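In UniProt numbering, the protein residues as written are 1 to 126. All C-beta atoms, glycine included, are put in the ideal place defined by N, C-alpha and C. Since the structure is predicted, the reported quantities are computational estimates derived from the model, not experimental observations. Structure record follows, encoded as structure tokens.
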């Protein structure tokens, strides 16, 4: 295998060196990108102004934002619960039960008892 090493073999053998080279290359690229496109004063001023406006809005509407966040979290929680319930329902519906395995030998008796009273002697609760 020494005669025909592939690129994959090379990278496996030198993974730490290659990783370090890639990190250095990415750092150089990032530095060049930052050097080539500095924010001009007007852009920086606009961003700062926007941050201040956002902070004022959050301060003025703190309660509304808190309620919306709570509603979002609760709706997400309800959605997860519904999904879990659906999964449990489908799991239970896929099980094969028969009445004898659950201890039921016959359908429950419905109707009036022998003495004509609902649930009397010979009725449901006898």
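Which of the three DSSP states is assigned to residue i in this structure?
i	result
residue 95	coil
residue 85	helix
residue 54	helix
residue 127	In the structure as shown, the chain begins at 1 and stops at 126. Residue 127 is therefore absent and cannot be evaluated.
Short check: CB of residue i to CB of residue j, under 7 Å?
i	j	result
residue 20	residue 11	no
The alpha helix (DSSP H) spanning residue i covers which residue range?
i	result
residue 61	Careful: residue 61 lies outside any alpha helix (DSSP H) and carries neither H nor E.
residue 9	7-13
Just to confirm, does residue i get its C-beta within under 6 Å of one of the non-hydrogen atoms of the ligand GDP?
i	result
residue 44	What this structure holds is no ligand at all, so the ligand GDP is not there to describe.
Taking 7 Å as the CB-CB cut-off, is residue i touching chain C?
i	result
residue 87	Given the protein chain composition of this structure (a single chain), no chain C is represented.
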